[in-house]
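S.K.:
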Amino acid sequence: MVPSSPEAQTMKKPPKNTNFVTSALNFVRIHFSSHPRFWLFIAFLWIQALIIFIARTPPPCFPDRTADVSATVPAIRRTPSNDDAAASNATLPEAAPAPPYTDECPSGRIYAYDLPSMYNRDLVLTNCTDLDPWNWECGIITNHGYGRAATELRRILPEDLYKSWYHTNQFTLEILFHHRILKHKCRTLEPESATAFYIPFYAGLAVGKHLWKNDTAIRDKHCKMMLRWVKNQPYWMKSNGSDHFMTIGRITWDFRRLTDPGKSWGSSFLNMPSMNKVSRFIVEKYPGDEMDVSVPYPTGFHPKSKDNLVEWQNFVRDYKRSSLFSFVGENRNWAENDLRRILMNYCHKEAVLAGPWTAPSVSVPPIRLWF
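So for the sequence shown, the UniProt record's numbering puts the first residue at 1; every next one is plus one.
(1) Helix, strand or coil for W312, going by three-state DSSP, please let me know.
(2) Among K231, I248 and M246, which one has its Cα closest to the Cα of N240?
(3) I need the boundaries of the alpha helix (DSSP H) containing G208, first residue and last residue.
(4) Just the C-alpha distance for A335 and L161, rounded to the nearest angstrom, thanks.
(5) Whole angstroms is fine: what's the gap from L309's alpha carbon to G139's?
(6) Inspect the CB distances between the region 98 to 114 and the region 186 to 196 and report whether three or more fall short of 8 Å.
(7) Cβ of F245 within 8 Å of Cβ of Y198?
(8) Tell me the DSSP bridge mates of W136?
(9) Can you tell me which of the three DSSP states Y101 falls into?
(10) What are the boundary residues of the beta strand (DSSP E) that I179 is part of?
(11) Leaving out the 5 sequence neighbours to the left and right, which residues in its chain are closer than 8 Å to W312 when beta-carbon positions are compared?
(12) Excluding five sequence neighbours on each side, which residues of the same chain lie with their C-beta closer than 7 Å to the C-beta of L343?
(13) Could you tell me how far apart the beta carbons of A217 and L123 are, in whole angstroms, since I believe they sit closer than 8 Å?
(14) With a 10 Å radius around its C-beta and 16 neighbouring C-beta atoms as the bar for buried, classify R280 as buried or exposed.
(15) Suppose you measure from the CA of R332 to the CA of D338; what does that come to, to the nearest Å?
(16) According to the Cβ coordinates, are H167 and R148 closer than 8 Å?
(17) What distance in whole Å lies between the Cβ atoms of S264 and R256, which are believed to be in contact at a cut-off of 8 Å?
(18) Alpha carbon to alpha carbon, how far is R180 from E174?
(19) Provide the residue span of the beta strand (DSSP E) that contains R250, from first to last.
(20) Taking Cβ positions, are S274 and D220 nearer each other than 8 Å?
(21) Give a yes or no on whether the C-beta atoms belonging to T247 and E284 are separated by under 8 Å.
(22) Rounded C-beta distance between H222 and Y119? I'm assuming under 8 Å.
(23) DSSP has A196 in a bridge; who is on the other side?
(24) In whole angstroms, give me the CA-to-CA distance for W46 and M237.
(25) Less than 8 Å between the CB atoms is what I'm expecting for P191 and Y111, so what's the real figure, rounded?
(26) Ends of the beta strand (DSSP E) at V293?
(27) Once DSSP output is grouped into helix, strand and coil, what is the label at Y319?
(28) What's the C-alpha gap between R321 and L131?
(29) For R148, does the three-state DSSP call read helix, strand or coil?
(30) Ends of the alpha helix (DSSP H) at I218?
(31) As a quick exercise: from E290, N276 and L227, pick the residue whose alpha carbon is nearest that of S242.
(32) Can you find the residues in the same chain that come closer than 8 Å, C-beta to C-beta, to G266, ignoring five residues on each side of it along the sequence?
(33) Please state the DSSP three-state secondary structure of F325.
(34) Which of the three DSSP states is assigned to R257 in this structure?
(35) Whose C-alpha, out of D307, D215, L227 and W134, is nearest the C-alpha of F201?
(36) Could you tell me the alpha carbon to alpha carbon distance between S117 and G204, rounded to whole angstroms?
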C-alpha cells in the first residue's frame, strides 16, 4: 500500500468542533474590532440587567435581630451545666428602665429632683420641734411634717381614733408632700422612664421667712436661684418645664407681687416667666391661672387607712354635740369686709352665744370644744 503524500496529509480537515470554536472566536474578534462601540453598548445593557435581577431577588432569610426572640422561639428546658453556673456568676448588663405605665401606676411614674439642700432642708428650723403660737416655723419638720402625736386626745377619743391626730403646723404642705413622694410606689430613680418631674423646693418657707421684711429682693432670692438650677437640667430643657410640678405651702397671693410700687407684698415667684408651664399644688389658688391646683391646708387629722377615715366619720355623726359648727380665727380689723369679722358679728347677735373664746390650758384639749 502506497503511503499518502505530505500534501494529502496537510489537506486533511480538522475536527469539526475545533473548527467551530475557531470560527466563532475569529467572528467575535473581527466584529469587535470593526464595531467596538456596539459591543460596549451590549455589555452595558447586560450589566444593567444583572443589577436589576439581583435587586429583585429576595434576600436570604436571616433572623431579625430587632425582634423579640422569646416571642418566636419556644422555650427549651434543659439541665443546667457547669458552663451555665459560670455564666450566672458573670457580670450582667444593667436592667432596662421600668415601663412608665403599669397597672400599679396607670398615670406614669414620677422622678423627684435631688435639689441642693439650700432649697429645702436648710430652710427648716431644727431648734424648735413643737408648735409655738409666736413662731409659725416651729414644729414643721417634726415627724416628717406630721408633728408630734396628739396623745392627750386619748381621754376623749377611742383608742383607734386618737392615734390619727397630730400637732401639725399649717405650713407643712411642702414637707408632707416631699416625704410622701419619696416613699410613693410610683416614684422612679430613672428620669428617662418618668412621666412627670417633681421639684422639692420649699417655696413657702423660703418666702415666708421674709414676708414682713421691707426687702423684695430677698423674697425672690431663693426662687430665682432654684429656677436657674432646674433650667440647666436636661429633662427641663426637653419640655421647658411643662411636665414639672411642685407644692407650695402658702396662699398664691404670697407669690404674685405686682410691678406696681404700691403693691409690694410677697414674692414675684409665680409671675416669673419660667413658672408659666409648671404645675403647682398650692393653698388657695389664683382663679385666673390654670397651673394653680388648689389643695387645703394640712390639718391635724392623718388617718392611716380608709377604714380609719370611715371610723372617724361614724364617730362624729353619732357624737352628741351642742354646737352646729365652729370657727377658729382672729378678727382682722384692718381688712375691709373681713369674713372673720362678719362671722363674729353674726354670732354676737344670736340669742345663744358661744361668745369669743380664748385658748384654754393644755389640760383641756381644744378639739373637745369643736363638738
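Each residue gets a CB set at the ideal place from its N, CA and C atoms; glycine is no exception.
Only a predicted model underlies this, so the values are computations on that prediction, with no experimental measurement involved.
M.R.: According to the structure shown:
(1) Three-state DSSP puts W312 in a helix.
(2) Out of K231, I248 and M246, K231 has the C-alpha closest to the C-alpha of N240.
(3) Its alpha helix (DSSP H) spans residues A203 to G208.
(4) The alpha-carbon atoms of A335 and L161 are separated by roughly 38 Å.
(5) Their backbone Cα atoms lie some 24 Å apart in a straight line.
(6) Remark: three or more beta-carbon pairs, one from each stretch, lie closer than 8 Å, so the region 98 to 114 and the region 186 to 196 are flagged as touching.
(7) Contact flag set, yes.
(8) According to DSSP, which records beta bridges pairwise, W136 is partnered with nothing at all.
(9) In this structure, Y101 counts as coil in the three-state DSSP scheme.
(10) Looking at the sequence itself, residue 179 is His, so the reference to Ile does not match. Membership of H179 in any beta strand (DSSP E) is not indicated; the residue belongs instead to the alpha helix (DSSP H) covering L173 to K183.
(11) Within the same chain, Cβ atoms closer than 8 Å to the Cβ of W312 are found at L161, S164, F301 and P303, the five residues on either side in sequence being excluded.
(12) The residues are F327.
(13) Contact between A217 and L123 does not hold, since the beta-carbon distance rounds to 17 Å and is not under 8 Å.
(14) Classified as buried, R280 has 16 or more neighbouring CB atoms from the shown chains inside 10 Å of its CB.
(15) Spanning the alpha carbons of R332 and D338 requires a straight line of approximately 7 Å.
(16) Less than 8 Å divides the Cβ of H167 from the Cβ of R148.
(17) Not confirmed; about 12 Å, so no contact.
(18) Just so you know, the alpha carbons of R180 and E174 end up roughly 10 Å apart.
(19) Following the DSSP letters along the chain, one finds R250 inside the beta strand (DSSP E) bounded by residues H244 to I251.
(20) For the 8 Å CB-CB criterion, S274 and D220 do not form a contact.
(21) Not closer than 8 Å, so no.
(22) Right, the Cβ-Cβ distance comes to about 6 Å (below 8 Å), so this counts as a contact.
(23) Answer is I110, bridged to A196.
(24) One Cα belongs to W46, the other to M237, and the distance between them is close to 57 Å.
(25) Going by Cβ atoms, the distance from P191 to Y111 rounds to 5 Å, so yes, they are a contact pair.
(26) According to the DSSP assignment, V293 belongs to the beta strand (DSSP E) that extends over D292 to V295.
(27) Y319 falls in the coil class under three-state DSSP.
(28) Our two residues, R321 and L131, have alpha carbons roughly 28 Å apart in a direct line.
(29) DSSP places R148 in strand when its eight states are reduced to three.
(30) Boundaries of the alpha helix (DSSP H) harbouring I218: T216 to K231, taken from the DSSP string.
(31) Minimum Cα distance to S242 is reached at N276.
(32) These residues qualify, in order along the chain: V207, L211, R219, W253, D254, F255, R256 and R257.
(33) Correct three-state label for F325: coil.
(34) If DSSP states are grouped into helix, strand and coil, R257 belongs with coil.
(35) Comparing Cα-Cα distances from F201 to each of D307, D215, L227 and W134, the minimum goes to L227.
(36) Cα to Cα, the separation comes out at about 15 Å.
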